[in-house]
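The sequence shown lines up with residues 0 to 267 when you count with numbering that gives the first Met the number 0.
Here a beta-carbon is modelled for each residue, glycine too, at the ideal position from N, C-alpha and C.
From a predicted model like this one, the values you see are computed outputs, not experimental measurements.
Here the structure is laid out as structure tokens; the discussion comes afterwards.
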Amino acid sequence: MSLFNNKVVVVTGGSEGIGKSLVDIFLQQGAKVATCSRNYDKLYRLQKQYPGKPLLIHSADVSNEQDCTNFINMVVKQFGTIDILINNAGVSMRSEVADVELDTIRKVMDINFWGTVYCTKLSLPYILKNNGTVVGVSSIAGFRGLPGRSGYSASKFAVNGWLESLRTELLDSGTNIMWVCPGFTTSNIRNVALNKEGKAHGESPMDEGKMMPSAECAAHIVKAIEKRKRTLVLTFNGKRTVFLNKFFPGLADKLVKNFFYKNGHLVK
0 MSLFNNKVVV
10 VTGGSEGIGK
20 SLVDIFLQQG
30 AKVATCSRNY
40 DKLYRLQKQY
50 PGKPLLIHSA
60 DVSNEQDCTN
70 FINMVVKQFG
80 TIDILINNAG
90 VSMRSEVADV
100 ELDTIRKVMD
110 INFWGTVYCT
120 KLSLPYILKN
130 NGTVVGVSSI
140 AGFRGLPGRS
150 GYSASKFAVN
160 GWLESLRTEL
170 LDSGTNIMWV
180 CPGFTTSNIR
190 NVALNKEGKA
200 HGESPMDEGK
210 MMPSAECAAH
220 IVKAIEKRKR
230 TLVLTFNGKR
240 TVFLNKFFPG
250 LADKLVKNFF
260 YKNGHLVK
């Protein structure tokens, strides 16, 4: 029998990408799953995919505290408790600091950082009671600032630091706090990344064929939850970037600049 059988698992941003793959895995392993997204149509299609399964969907914007409150209250009303929370909802951006509007950075921070804070704070009493797990889906950008993604990097650094503080506070509580840092993964996050005006780009210059599939990334996350890990850094490039940035930061600066720029222009 699966470790997650009859556990209540909450996944934010579960309508596509890594979030949807997590929903798929947990339902297949017998968990009761609740997920939210701003796109109700995609949530509805997800629910239709699993008739008769214990899947709760709710339309919510995690940057809105009241939306998060309504969602978590609905989960507790439906399932009675929460065992695992995975803060997966997020948004990226592509614009240099000189060009980006401040509202764009603010929007990224509100979704990625404050969304994690709201849902974690609201879920924590139940998770503590169950010796459960809180997960933050962060990024390699939470270890290494990436050009053209200043707001995204800032938000992920904030998520990592906030969860590390929480983990230390709860070290002897029986509750596990973990942050996951995927490398480039196939998902819609690059297509909906915000431009300098805070609007979706609608296209990505990245080659998705060379990236880790979302389902594979989700499987790694589930395994790490089982093992109650502290952190999870995925992909060879991701691990190499974290290593170089820690021990050879000057070299990392040059390599990252060369990766994201061509002829002096931001291309990725």
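Helix, strand or coil at residue i according to DSSP, with G and I counted as helix
| i | result |
| --- | --- |
| Arg37 | coil |
| Met108 | helix |
| Tyr151 | helix |
| Tyr49 | coil |
| Lys195 | coil |
| Val172 | What sits at residue 172 in the sequence shown is Ser, not Val. Correct three-state label for Ser172: coil. |
| Val232 | strand |
| Ser1 | coil |
| Thr184 | strand |
| Lys256 | helix |
| Val99 | coil |
| Pro248 | helix |
| Leu165 | helix |
Rounded straight-line distance, which links the Cα of residue j to that of residue i
| i | j | result |
| --- | --- | --- |
| Asp102 | Ser164 | 27 angstroms |
| Lys222 | Gly144 | 27 angstroms |
| Asp252 | Asp171 | 38 angstroms |
| Ile176 | Lys267 | 32 angstroms |
| Tyr151 | Ser138 | 9 angstroms |
| Gln156 | Thr132 | A small fix is needed here, since residue 156 is Phe in this sequence, not Gln. Spanning the two alpha carbons is a distance of roughly 20 angstroms. |
| Thr80 | Thr119 | 14 angstroms |
| Pro146 | Lys19 | 28 angstroms |
| Ala218 | Ile24 | 7 angstroms |
| Asn38 | Gln48 | 16 angstroms |
| Val99 | Met108 | 14 angstroms |
| Leu21 | Asn87 | 10 angstroms |
| Val96 | Gly263 | 15 angstroms |
| Arg44 | Gly249 | 47 angstroms |
| Met0 | Phe258 | 45 angstroms |
| Gln46 | Gly16 | 15 angstroms |
| Leu26 | Ile220 | 15 angstroms |
| Thr230 | Ile126 | 19 angstroms |
| Gly173 | Lys261 | 49 angstroms |
Element boundaries [beta strand (DSSP E), containing residue i]
| i | result |
| --- | --- |
| Val179 | Asn175 to Cys180 |
| Leu132 | The question names Leu, but residue 132 in the sequence shown is Thr. Run containing Thr132: Thr132 to Val136, per the beta strand (DSSP E) assignment. |
| Ser277 | Lying outside 0 to 267, the shown extent of the chain, residue 277 is not represented and no answer is given. |
| Ile56 | Leu54 to Ser58 |
For residue i, the residue or residues it bridges with in DSSP
| i | result |
| --- | --- |
| Val9 | Ala33 and Leu84 |
| Lys261 | His264 |
| Met210 | DSSP lists no partner for Met210. |
Residues near residue i by beta carbon distance below 6 angstroms, same chain, minus five either side
| i | result |
| --- | --- |
| Lys106 | Gly197 |
| Thr234 | Gly182 and Met211 |
| Pro53 | Lys31 |
| Ala214 | Ser20 |
| Glu64 | Tyr117 |
| Leu162 | Gly135, Ile176 and Trp178 |
| Ala192 | Ser91, Met92, Arg93 and His200 |
| Leu123 | none |
Residue range of the unbroken alpha helix (DSSP H) whose run includes residue i
| i | result |
| --- | --- |
| Val74 | Glu64 to Phe78 |
| Ile17 | Gly16 to Gln27 |
| Pro124 | Gly114 to Lys128 |
| Lys226 | No alpha helix (DSSP H) holds Lys226; DSSP gives it neither H nor E. |
Neighbourhood of residue i by C-beta distance below 7 angstroms, restricted to the same chain and skipping five residues each side
| i | result |
| --- | --- |
| Leu121 | Cys67, Thr68 and Ile71 |
| Ile110 | Val61, Ser62, Ala88, Gly89 and Val90 |
Close beta carbons around residue i, own chain, < 8 angstroms, minus the five adjacent residues each side
| i | result |
| --- | --- |
| Ile104 | Met92, Ser149, Gly150 and Ala153 |
| Leu42 | Gly13, Ser14, Thr34, Cys35, Ser36, Ile56, His57 and Ser58 |
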